[in-house]
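When we follow my numbering, the leftmost residue of the sequence shown carries the number 43, and every step to the right adds one. Each residue gets a CB set at the ideal place from its N, CA and C atoms; glycine is no exception. Remember, it's a predicted structure, so these values are computed and weren't measured experimentally. Structure record follows, encoded as structure tokens.
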Amino acid sequence: MTTDKTHAQQWAEMRGHPEITQFDVPNSELEKLNIKKFDGAIDEWVKFVTDGRAGKLEHNFDAVSGPMLANPRGKNPKPIGSQFAIFTDKAAKLFDKFKVKCS
């Protein structure tokens with residue numbers, strides 16, 4: 043997921059599914075989740091993303107937010123855009139509860 047509507051539209055078109063789902067989750071509800079927030083390109087963020095891509099990610103977060111990792115063809119990693127990844131049923135159910143529309 044992303045908080046950037048333009049980016050969401052680009053993803054949807056690129057993947058051949060031009061449908062965007064919007065959620066309106068109150069901050070008071072988000073605060074009930076264990077969310078890891080990455081603020082830019084730091085070593086911990088790079089390791090987290092690369093471990094996830096390699097299928098060896100271990101953590102106890104309900105969700106993770108931060109930039110996407112761009113490193114085409116193994117170039118130096120750089121942060122781009124914004125993403126929000128849900129990892130638990132608890133977080134998924136919360137977002138389902140606050141789904142407001144699909145377009």
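| query | Fully enclosed by the region 45–125, which alpha helix (DSSP H) runs are 4 residues long or longer? | reply | List check, alpha helix (DSSP H) in window: 47–56, 69–72 and 85–95.
| Among the residues of its own chain, which have a CB less than 8 Å from the CB of proline 121, if the five just before and after it don't count? | Counting only residues of its own chain and dropping the five nearest sequence neighbours on each side, proline 121 has a CB closer than 8 Å to the CB of Gly82, Ala83, Trp87, Gly108, Pro109, Met110, Leu111 and Ala112.
| said: Rounding to the nearest angstrom, what Cα-Cα distance links valine 67 and proline 119 in this structure? | reply: 31 Å
| task | Please classify aspartate 104: is it buried, with 16 or more other beta-carbons within 10 angstroms of its beta-carbon, or exposed? | result | buried
| Which partner residues does alanine 133 have in the DSSP bridge list? | Alanine 133 is not bridged to any residue.
| said: Cutting at 7 Å between CB atoms, please list the residues of its own chain near alanine 54, excluding the five before and the five after it. | reply: Correct list, in chain order: Pro60, Glu61 and Ile62.
| Less than 8 Å separating the beta-carbons of threonine 44 and glycine 116? | Cβ distance not < 8 Å, so threonine 44 and glycine 116 don't count as in contact.
| request: Could you tell me if glutamine 52 is buried or exposed, where buried requires 16 or more neighbouring beta carbons within 10 angstroms of its beta carbon? | output: exposed
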